[in-house]
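Enquirer: Pasting a structure here, questions to come.
Numbering (the working numbering), first residue to last: 3 to 139.
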């Protein structure tokens with residue numbers, strides 16, 4: 003649901019801030035961290051674009067990812083219900099990954115945030131430079 007006005011947005015923001023004080027704060031932060039993680043975002047994007055993919059195909063699509071980092075990322079995304087792992091228990095091993103309904107929703111929600119960040123990357127750089135300059139004076 004999109005807030006209708008700024009007051010509604012502030013009320014929802016307050017509710018979110020208050021909810022962050024709950025004991026499951028760590029869970030919310032861990033799931034949110036997927037949105038800012040290069041490899042998690044890459045896996046989610048690759049699965050959205052390619053459908054069901056094998057580990058090796060994901061690795062080919064994620065330029066620069068190590069075997070260890072990809073395996074770790076896949077485990078975290080699976081743990082949080084964003085992807086589904088299908089092990090066919092064959093020799094040689096065959097394992098496929100695909101987005102879950104929750105993963106699809108996550109993808110659709112984080113795209114606007116990523117677009118906004120990329121659109122304002124130069125603004126962030128300039129602000130950091132100004133801050134560094136002011137701090138060194």
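Yeah, the Cβ is synthetic: ideal placement off N, Cα and C, and Gly gets one too.
1) Please classify residue 42 as buried or exposed, where buried requires at least 16 neighbouring CB atoms within 10 angstroms.
2) Would you mind reading off the limits of the alpha helix (DSSP H) that contains residue 98?
3) Taking only three categories from DSSP, how would you classify residue 82?
4) Give a yes or no on whether the C-beta atoms belonging to residue 81 and residue 99 are separated by under 9 Å.
5) With a threshold of 8 Å on Cβ separation, who are the neighbours of residue 17 within its own chain once the five nearest residues in sequence on each side are excluded?
6) Considering only the alpha carbon of each residue, which of 71, 110, 59, 84 lies closest to residue 104?
7) One question on the structure: do residue 107 and residue 78 come within less than 9 Å of each other, judged by their Cβ atoms?
8) Using alpha carbons as the reference points, say which of 124, 75, 13 lies closest to residue 37.
9) First and last residue of the alpha helix (DSSP H) that includes residue 18?
Expert: With the given structure in hand:
1) If you number the chain shown from 1, residue 42 lands on position 40. The residue in question, residue 42, is buried, as its Cβ has 16 or more Cβ neighbours within 10 Å.
2) Walking along the chain shown from the start, residue 98 turns up at place 96. No alpha helix (DSSP H) contains residue 98, which is instead part of the beta strand (DSSP E) from 97 to 101.
3) The residue given as residue 82 occupies position 80 in the chain shown. Three-state DSSP puts residue 82 in coil, outside helix and strand.
4) On the chain shown, residue 81 is found 79 positions in, with the first residue counted as 1. On the chain shown, residue 99 is found 97 positions in, with the first residue counted as 1. Taking 9 Å as the Cβ cut-off, residue 81 and residue 99 do not qualify as a contacting pair.
5) Taking the chain shown and counting its residues from 1, one reaches residue 17 at position 15. So the list is empty, once near-sequence residues are dropped.
6) Start at 1 with the first residue of the chain shown, and residue 104 comes out as number 102. Considering only alpha carbons, the answer is 84.
7) Looking up residue 107 in the chain shown gives position 105. Looking up residue 78 in the chain shown gives position 76. No. Outside cutoff.
8) On the chain shown, residue 37 is found 35 positions in, with the first residue counted as 1. The shortest C-alpha separation from residue 37 is found at 75.
9) What you label residue 18 is simply residue 16 of the chain shown in a count that begins at 1. Here the alpha helix (DSSP H) through residue 18 covers 8 to 21.
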